[in-house]
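Undergrad: Residue numbers (the numbering used here), protein chains in the order written: chain A, 250 to 361; chain B, 155 to 268.
I have a structure I would like to understand better, so I am pasting it below and will then ask my questions one at a time.
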Amino acid sequence: DAKTTQPTSMDCAEGRAANLPCNHSTISGNEYVYWYRQIHSQGPQYIIHGLKNNETNEMASLIITEDRKSSTLILPHATLRDTAVYYCIVRALNNAGNMLTFGGGTRLMVKP
Amino acid sequence: ETGVTQTPRHLVMGMTNKKSLKCEQHLGHNAMYWYKQSAKKPLELMFVYNFKEQTENNSVPSRFSPECPNSSHLFLHLHTLQPEDSALYLCASSQPGTGDEKLFFGSGTQLSVL
Chain A
250 DAKTTQPTSM DCAEGRAANL PCNHSTISGN EYVYWYRQIH SQGPQYIIHG LKNNETNEMA
310 SLIITEDRKS STLILPHATL RDTAVYYCIV RALNNAGNML TFGGGTRLMV KP
Chain B
155 ETGVTQTPRH LVMGMTNKKS LKCEQHLGHN AMYWYKQSAK KPLELMFVYN FKEQTENNSV
215 PSRFSPECPN SSHLFLHLHT LQPEDSALYL CASSQPGTGD EKLFFGSGTQ LSVL
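See the structure below:
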């Protein structure tokens, strides 16, 4: 699986957009970009994923650069409950199915 | 509520004890996973089961013994653990073969080995 690089931590003001970057310069053509988040003492939660096109759902938007070497997760109006560790993961299928390798993630702190 | 339930939520055990962690999913998935999350470390994949068959053992010590009696249940049997095994143990499930499998995680069991 391609490796990802994320900032260790970020702050965001409540109500503002949170933009979380991720670099995945060695991504392969058939690998998806996934985002999960983990609120303290809970299991990770799926947010969004994409291959080439930008994606949006009720939680967030995912912007993938044209060369696919980086992406940005956007939380349009961050709330205090969005404080969590956000993981950017590039996934490759193997015979065993879906194997996700988690890195250190970005610790997002939303402040009042 | 993610549809994946783990029990117990917290567990304290001695190094000579035998205990089991339980995971149950109500999502109709056919793949289940055990992950370990130690303090200040990334999640580590331990085991993967697809259609009740173990398809991945990520060099996990034999003091951790998984069991998957059916596609909805997954156990992790623990015996003669060490203090460094204290961690959050997370169970997850997914539906393989769909092309964009998402993992659904339980809330985890916080294990302390004394």
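C-beta: ideal position from N, C-alpha, C; glycine also.
Please read these numbers as outputs of a predicted model, since none were measured by experiment.
For residue 293 of chain A, decide whether its Cβ has a neighbour in chain B, counting only Cβ atoms nearer than 7 Å.
TA: Taking the first sequence and counting its residues from 1, one reaches residue 293 of chain A at position 44. By this cut-off, residue 293 of chain A is an interface position.
Undergrad: Anything in chain B within Cβ reach of residue 349 of chain A, meaning under 8 Å, just list it in chain order.
TA: By one-based count along the first sequence, residue 349 of chain A stands at place 100. For residue 349 of chain A, the neighbours in chain B by C-beta distance under 8 Å run, in chain order, 199 and 257.
Undergrad: Can you tell me where the beta strand (DSSP E) holding residue 170 of chain B begins and where it ends?
TA: By one-based count along the second sequence, residue 170 of chain B stands at place 16. No beta strand (DSSP E) holds residue 170 of chain B; DSSP gives it neither H nor E.
Undergrad: Where does residue 302 of chain A land, buried or exposed, given buried means 16+ other C-beta within 10 angstroms?
TA: As a working mapping, residue 302 of chain A is identified with position 53 in the first sequence. Residue 302 of chain A comes out exposed.
Undergrad: Any residues in the stretch 159 to 177 of chain B with a beta carbon nearer than 7 Å to a beta carbon of chain A? Which ones, in chain order?
TA: none
Undergrad: Check whether the stretch 173 to 185 of chain B and the stretch 210 to 228 of chain B are in contact - that is, three or more C-beta pairs closer than 8 Å.
TA: yes
Undergrad: With 16 as the cutoff for other CB atoms within 10 Å, does residue 251 of chain B come out buried or exposed?
TA: Taking the second sequence and counting its residues from 1, one reaches residue 251 of chain B at position 97. It counts as exposed.
Undergrad: For a test of the three-state rule: what should DSSP assign to residue 356 of chain A, helix, strand or coil?
TA: Position 107 of the first sequence, counting from 1, holds the residue named residue 356 of chain A. Correct three-state label for residue 356 of chain A: strand.
Undergrad: State the DSSP-derived secondary structure class of residue 329 of chain A, mapped to helix, strand or coil.
TA: Along the first sequence, read from residue 1 onward, the residue named residue 329 of chain A stands at position 80. Residue state, collapsed to three classes: helix.
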